[in-house]
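This report refers to the structure that appears directly beneath it.
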Amino acid sequence: MTWTKKREAKPWRNLQSGSAKNPRFCEAKKIPPCPKRTVGDACLRKRCFTFPRKYAIISLKPICGGRAMLTYDHFIFDFDGTLSDSYASFVKAAMMTAGKYGVPADEEQVYYLLKKYSTVYLFDTLPFGPWRDTAYAEFSKLSKEILAEEAEMMTGTVELLEFIRAHGGKSYVYSHSGEIVLKNVARWGIGHFFTDYMLGDKRYPRKPAPDALLELVRRNGLDLSRSVMIGDRDIDVLAGKNAGMASILLDDSGFYPDLEVDARVGSLIDVKHAILCP
Numbered sequence: 006m007t008w009t010k011k012r013e014a015k016p017w018r019n020l021q022s023g024s025a026k027n028p029r030f031c032e033a034k035k036i037p038p039c040p041k042r043t044v045g046d047a048c049l050r051k052r053c054f055t056f057p058r059k060y061a062i063i064s065l066k067p068i069c070g071g072r073a074m075l076t077y078d079h080f081i082f083d084f085d086g087t088l089s090d091s092y093a094s095f096v097k098a099a100m101m102t103a104g105k106y107g108v109p110a111d112e113e114q115v116y117y118l119l120k121k122y123s124t125v126y127l128f129d130t131l132p133f134g135p136w137r138d139t140a141y142a143e144f145s146k147l148s149k150e151i152l153a154e155e156a157e158m159m160t161g162t163v164e165l166l167e168f169i170r171a172h173g174g175k176s177y178v179y180s181h182s183g184e185i186v187l188k189n190v191a192r193w194g195i196g197h198f199f200t201d202y203m204l205g206d207k208r209y210p211r212k213p214a215p216d217a218l219l220e221l222v223r224r225n226g227l228d229l230s231r232s233v234m235i236g237d238r239d240i241d242v243l244a245g246k247n248a249g250m251a252s253i254l255l256d257d258s259g260f261y262p263d264l265e266v267d268a269r270v271g272s273l274i275d276v277k278h279a280i281l282c283p
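Straight run, no breaks: the sequence shown in this note's numbering ends on number 283.
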């Protein structure tokens, strides 16, 4: 429902709409049923409401499928590289581990392999030889320690989460990173924004398999058509696509120019524009 303000503000006036005193009001005015929610949270099903006289109804057409403002209701975020500026910590831990084992490594190469692929791929690529598994275990422990002390939120994180909540949306986190996610969320004071988490549950295959994401959907009763996966890597958005939901790619450096997504943004601040109703 769209409202327009009249020039002169009038006091509230009871139009008897929706009350038992005038049950035929809607029928007489030929007001159609409406979806679950419209602008102003006024739903004209088989009854009407009491409106302030200073407002005039100019349209009963619902906006964006009857949902005010946001294109989606449920926003599922990847963590590292999406909400958390984690790559500097990962690169630092990888370089320290490589140095310990005398493995030659270039910071730019390490960053590229981490961003484009994964930590597992990085350690499969670098020549650790028979010490690969031991080195990877040490890297995992070291990176968590560095992340817990040094990682900061991505620019626009709080602004976006507040925007989603203010417009009736709910936020979730789906990450392979496990407990460090909860530690940093608590350290940054943003835990109240999130409804639920899916964090490295070993019962489910890793992204881009949709299994863990679908479990998050199941236990929260989410509508796939009103849900979106937001991440900075191909496996994030592919997990969303494989689960049957929309996807938004955070790709400020153009790592995935050919990846098919519902929206492509350069920052979290840009996500606000991607989730608004057209």
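Yeah, the Cβ is synthetic: ideal placement off N, Cα and C, and Gly gets one too.
This structure is a prediction, so every number in the text was calculated from the model and none was measured.
Less than 6 Å between C-beta atoms, sequence neighbours within five positions excluded: which residues of the same chain meet that for residue i?
i      : result
Ala268 : Ile253 and Ala279
Leu227 : His79
Measuring alpha carbon to alpha carbon, tell me which of the options ends up nearest residue i.
i      : options                           : result
Asp263 : Gly245, Asp239 and Lys246         : Asp239
Phe95  : Ser148, Phe168, Gly259 and Glu112 : Ser148
His79  : Pro210, Tyr261, Leu221 and Glu184 : Leu221
Val190 : Pro109, Phe82 and Ala171          : Phe82
Arg137 : Lys121, Ala99, Glu155 and Ala171  : Ala99
Ser230 : Glu113, Tyr92, Lys175 and Met250  : Met250
Do residue i and residue j have their C-beta atoms closer together than 7 Å?
i      : j      : result
Phe168 : Lys277 : yes
Val266 : Val242 : yes
Asp237 : Leu218 : no
Leu118 : Thr130 : yes
Tyr202 : Val178 : yes
Leu165 : Leu273 : yes
Using 10 angstroms around the beta-carbon of residue i, count the other beta-carbons present and answer buried if the total reaches 16, otherwise exposed.
i      : result
Arg72  : Low confidence applies to Arg72: its pLDDT is 47, below 50, so where it sits in the model is not reliable, and the reading given next is rough at best. Buried, because 16 or more other Cβ atoms sit within 10 Å of the Cβ of Arg72.
Ala142 : exposed
Leu281 : exposed
Pro215 : buried
Tyr126 : exposed
Lys212 : buried
Spell out whether any CB of chain B is found under 7 Å from the CB atom of residue i.
i      : result
Tyr209 : No chain B appears in the structure shown, which is made up of a single protein chain.
In the structure shown, what three-state DSSP assignment does residue i receive?
i      : result
Arg224 : helix
Leu281 : strand
Ile195 : coil
Gly259 : coil
Between residue i and the ligand PLP, is there a pair consisting of the residue's CB and a ligand heavy atom that are separated by less than 6 Å?
i      : result
Ile169 : As presented, the structure is devoid of all ligands, the ligand PLP included, so that no description of it is given.
Note down, in chain order, each residue of its chain lying with its Cβ closer than 7 Å to the Cβ of residue i, except the 5 sequence neighbours on either side.
i      : result
Gly161 : Ser272, Leu273 and Ile274
Val115 : Val96, Ala99, Met100 and Leu127
Tyr106 : Phe133, Trp136 and Ala140
Asn225 : Thr200 and Asp201
Phe84  : Val178, Ser180, Ser182 and Val186
Glu155 : Ser94
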